[in-house]
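Following this line, the structure appears as structure tokens:
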């Protein structure tokens with residue numbers, strides 16, 4: 196266990212930008228979005244019924260919030276929406292990390308040093324899987340929480356300056372419900388991402404140009420799928436690309452429908468987390484979700500064996 200902990204610390208040290216710097220920059224980015232950004236709210240949303248494709252300033256939403264229940268409920272959804280840019284950047288960081296994780300030590304020949312250490316290839320690959328699939332998302336979620344608390348503080352100060360009853364307002368802000376929804380969506384994301392992670396780790400273990408190699412392999416698999424089934428964008432794209440995105444609300448998928456349903460039913464303290472988690476919970480019951488995860492585990496085993504073979508040459 197101590198060896199595994201040391202390997203994970205090594206990953207954090209070697210990839211400080213992905214684990215620490217980028218989340219901090221994203222907090223600043225969200226602060227700018229709150230100050231200057233706009234939301235296309237459509238015709239029906241938790242922000243009220245408006246014309247099609249109408250945009251509204253986020254700062255305007257925050258500025259117009261009173262101490263009433265409706266304003267508090269709007270803030271619950273704003274707090275969740277704050278995480279969307281974080282999670283999109285997180286996915287890019289994960290892809291970049293996985294593609295380079297098993298290539299870099301072969302490229303700079305440090306793999307021979309690590310081969311002399313009492314560390315197995317399985318431990319090395321699993322530490323990289325854990326770092327990419329758990330640590331990067333956790334660092335991102337922590338940054339999201341900090342950004343959410345920053346927005347809450349801004350609203351709180353504004354209410355105090357306006358002489359409104361802040362305690363009544365925050366009695367209807369269910370930040371823990373929002374965090375629960377983020378956690379449930381992350382769980383679905385992590386399971387759905389095993390196929391993508393295994394594929395990228397295998398490409399990184401095999402090729403010194405994993406980005407180009409993974410792109411060519413993906414194109415080849417899509418062509419084979421089309422020739423065999425007459426369809427494309429079904430099996431291969433779902434397992435390797437779409438599953439991390441379409442199985443949850445972390446990237447905005449299905450949020451508009453969730454907003455519309457909750458606006459129709461009436462938003463209350465019970466369905467904040469339920470509304471934002473129902474798609475993820477539904478995905479966890481689908482057989483193709485778990486088939487993708489099993490396929491990803493097979494690819495990870497393949498990546499371990501390919502790394503063993505390459506390091507012995």
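In the numbering used here, the protein residues as written are 196 to 508. Beta carbons: idealized from backbone N, C-alpha and C, even for Gly. Values in this document were obtained by computation on a predicted structure and should not be read as measured data.
*Is residue 204 helix, strand or coil when you go by DSSP?*
Numbered from its first residue, the chain shown carries residue 204 at position 9. In the structure shown, residue 204 sits in a helix (DSSP, three-state: H, G or I).
By the 10 Å Cβ neighbour count, where 16 or more other Cβ atoms means buried, how is residue 477 classified, buried or exposed? The residue you call residue 477 lines up with position 282 of the chain shown. It counts as exposed.
Original post:
Do the region 391–400 and the region 488–505 make contact, defined as three or more Cβ pairs closer than 8 Å?
Top reply: Under the Cβ criterion (8 Å, minimum of three pairs), the region 391–400 counts as touching the region 488–505.
* Could you tell me the distance, in whole angstroms, from the CA atom of residue 374 to the CA atom of residue 288? => What you label residue 374 is simply residue 179 of the chain shown in a count that begins at 1. What you label residue 288 is simply residue 93 of the chain shown in a count that begins at 1. One C-alpha to the other measures close to 22 Å.
### DSSP-derived helix/strand/coil call for residue 448
What you label residue 448 is simply residue 253 of the chain shown in a count that begins at 1. Three-state DSSP puts residue 448 in coil, outside helix and strand.
Roughly how many angstroms lie between the CA atoms of residue 336 and residue 485, to the nearest whole one? Here residue 336 refers to the residue found at position 141 when the chain shown is read from its first residue. Here residue 485 refers to the residue found at position 290 when the chain shown is read from its first residue. Rounded to whole angstroms, residue 336 to residue 485 spans 24 Å at the Cα level.
Legend entry - Euclidean distance between Cα positions of residue 318 and residue 356: To locate residue 318, count along the chain shown from 1; it is residue 123. To locate residue 356, count along the chain shown from 1; it is residue 161. So the alpha carbons of these two residues sit roughly 55 Å apart.
When you compare the region 338–345 with the region 439–451, are there three or more beta-carbon pairs, one atom per stretch, that lie closer than 8 Å?
No: the two stretches stay apart, fewer than three of their Cβ pairs being nearer than 8 Å.
Requested in this report: Entirely within the region 369–427 and at least 4 residues each: give me those alpha helix (DSSP H) ranges in chain order.
Outcome: 370–387, 389–401, 405–424
**Request:** Take the Cβ of residue 320 as the centre, count every other Cβ of all protein chains shown within 10 Å, and call the residue buried at 16 or more, exposed below.
**Result:** Residue numbering aside, residue 320 sits at position 125 when the chain shown is read from its first letter. The residue in question, residue 320, is buried, as its Cβ has 16 or more Cβ neighbours within 10 Å.
Report back the beta-carbon spacing between residue 331 and residue 285 to the nearest angstrom; my notes put them in contact at under 8 Å. Taking the first residue of the chain shown as 1, we reach residue 331 at position 136. Taking the first residue of the chain shown as 1, we reach residue 285 at position 90. Correct: roughly 6 Å between the Cβ atoms.
**Asked** Can you check whether the CB of residue 291 is closer than 9 Å to the CB of residue 207?
**Response** The sequence position of residue 207 within the chain shown is 12, counting from 1. The sequence position of residue 291 within the chain shown is 96, counting from 1. The answer is no: Cβ separation not under 9 Å.
- Between which two residues does the alpha helix (DSSP H) containing residue 323 stretch? By 1-based counting over the chain shown, the position of residue 323 is 128. From DSSP, the alpha helix (DSSP H) with residue 323 extends over 316–325.
task: Pull up the distance between the alpha-carbon of residue 297 and that of residue 396, whole angstroms please.
output: One-based indexing of the chain shown puts residue 297 at position 102. One-based indexing of the chain shown puts residue 396 at position 201. Rounded to whole angstroms, residue 297 to residue 396 spans 7 Å at the Cα level.
Check: Taking C-alpha atoms, which residue in 432, 322, 210 lies nearest to residue 200?
Finding: Your numbering for residue 200 matches position 5 in the chain shown. Check the Cα spacing between residue 200 and each of 432, 322, 210: the tightest is with 322.
query = Do we get a CB-CB distance below 9 Å when we pair residue 404 with the residues of chain D?
reply = Within the model displayed, chain D is absent; a lone protein chain is all it includes.
I'd like to check one pair, residue 334 with residue 218: are the Cβ atoms closer than 9 Å?
Counting from one through the chain shown, the residue named residue 218 turns up at place 23. Counting from one through the chain shown, the residue named residue 334 turns up at place 139. Cβ atoms of residue 218 and residue 334: closer than 9 Å.
What first and last residue would you give for the alpha helix (DSSP H) that runs through residue 346?
By 1-based counting over the chain shown, the position of residue 346 is 151. Residues 331–357.
With the cut-off set at 9 Å, would you say residue 388 and residue 278 are in Cβ contact? The residue labelled residue 388 in the question sits at position 193 within the chain shown. The residue labelled residue 278 in the question sits at position 83 within the chain shown. Not in contact: residue 388 and residue 278 (Cβ atoms no closer than 9 Å).
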